[in-house]
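Asks: Mind having a look at this structure? Questions to follow.
In this note's numbering, the protein residues as written are 18 to 189.
See below:
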């Protein structure tokens with residue numbers, strides 16, 4: 018696992034069930050709301066500071082995801098991606114990266130084609146069992162509850178950047 022993580026240059030994430038707990042909340046005016054975990058967001062910012070790109074591939078389309086991506090400085094954003102492998106292949110073409118340099122975290126069957134291609138696949142604790150069985154790593158936390166942060170920390174530690182970016186900065 019450590020050797021695979023050392024090579025990661027791009028972290029791709031699903032949204033519903035990974036960056037969120039999978040709930041979609043609609044108010045009386047039809048406005049969609051999602052809850053994102055601040056720890057996951059901090060983890061994303063840390064890996065970005067370490068030089069790892071971060072991207073999103075999601076099957077749904079939501080203005081809330083646009084806002085979150087913008088807030089986190091995520092430029093690679095594919096929404097409405099019902100065939101996620103097509104989006105993944107486009108990302109590879111655009112970035113010039115190879116499969117072994119890319120990690121992906123997904124939680125449902127729509128994520129399986131990408132998880133089978135990347136160099137490192139991960140799933141939150143509450144992913145479908147069939148999806149978790151394919152993952153190189155299953156987080157202790159569920160989607161929207163710190164699973165993304167776990168993966169970010171693993172990448173930083175494998176790349177030897179945890180101490181510099183986190184421990185020394187926050188005096189751990």
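Built from N, CA and C at the ideal position, the CB exists for glycine as well.
#1: What are the partner residues of residue 121, as DSSP defines its beta bridges?
#2: Please report the residue range of the beta strand (DSSP E) in which residue 71 lies.
#3: Under a Cβ-count criterion, where at least 16 other Cβ atoms within 10 Å of its own Cβ denotes burial, should residue 141 be classed as buried or exposed?
#4: Alpha carbon to alpha carbon, how far is residue 46 from residue 18? Give it in angstroms, no decimals.
#5: Starting from residue 105, trace the alpha helix (DSSP H) in both directions and tell me its first and last residue.
#6: Give every residue of the same chain whose Cβ lies closer than 8 Å to the Cβ of residue 126, excluding the five residues on either side of it in the sequence, and list them in chain order.
#7: With a threshold of 7 Å (Cβ to nearest heavy atom), would residue 112 be considered close to the ligand SAH?
#8: As a quick exercise: from 134, 107 and 114, pick the residue whose alpha carbon is nearest that of residue 123.
#9: Where does residue 49 sit, in a helix, a strand or coil, going by DSSP?
#10: Do residue 37 and residue 53 have their beta-carbon atoms positioned less than 8 Å apart in this structure?
#11: Taking Cβ positions, are residue 173 and residue 112 nearer each other than 8 Å?
#12: Mapping the DSSP letters down to three states, classify residue 151 as helix, strand or coil.
#13: Look at the alpha carbon of residue 188 and the alpha carbon of residue 178, and state the distance between them as a whole number of angstroms.
#14: What three-state label does DSSP hand residue 145 in the structure shown?
Replies: The relevant details are as follows:
#1: For the purposes of this step, residue 121 is identified with residue 104 of the chain shown, where counting begins at 1. Looking at the DSSP assignment, residue 121 forms a beta bridge with 29 and 138.
#2: Along the chain shown, one-based indexing puts residue 71 at 54. Unbroken beta strand (DSSP E) run through residue 71: 70–74.
#3: The residue labelled residue 141 in the question sits at position 124 within the chain shown. Looking at its Cβ environment, which holds 16 or more other Cβ atoms inside 10 Å, residue 141 is buried.
#4: Working through the chain shown from its first residue, we reach residue 18 at position 1. Working through the chain shown from its first residue, we reach residue 46 at position 29. Cα to Cα, residue 18 sits roughly 46 Å from residue 46.
#5: By one-based count along the chain shown, residue 105 stands at place 88. Its alpha helix (DSSP H) spans residues 101–112.
#6: Residue numbering aside, residue 126 sits at position 109 when the chain shown is read from its first letter. Excluding residues within five positions, the ones whose Cβ falls inside 8 Å are 145, 147 and 148.
#7: Here there are no bound small molecules, and the ligand SAH is not part of this structure.
#8: Stepping through the chain shown from its first residue, residue 123 is reached at position 106. Of the listed residues, the one whose Cα sits closest to residue 123 is 134.
#9: The residue you call residue 49 lines up with position 32 of the chain shown. Three-state DSSP puts residue 49 in a strand.
#10: Position 36 of the chain shown holds residue 53. Position 20 of the chain shown holds residue 37. Taking 8 Å as the Cβ cut-off, residue 53 and residue 37 qualify as a contacting pair.
#11: Against the chain shown, residue 173 aligns to sequence position 156. Against the chain shown, residue 112 aligns to sequence position 95. Contact: no.
#12: Locating residue 151 in the chain shown gives position 134, where the first residue counts as 1. It is coil, neither helix nor strand.
#13: Taking the chain shown and counting its residues from 1, one reaches residue 188 at position 171. Taking the chain shown and counting its residues from 1, one reaches residue 178 at position 161. Distance between the alpha carbons of residue 188 and residue 178: 15 Å.
#14: Position 128 of the chain shown, counted from the start, is the residue given in the question as residue 145. If DSSP states are grouped into helix, strand and coil, residue 145 belongs with coil.
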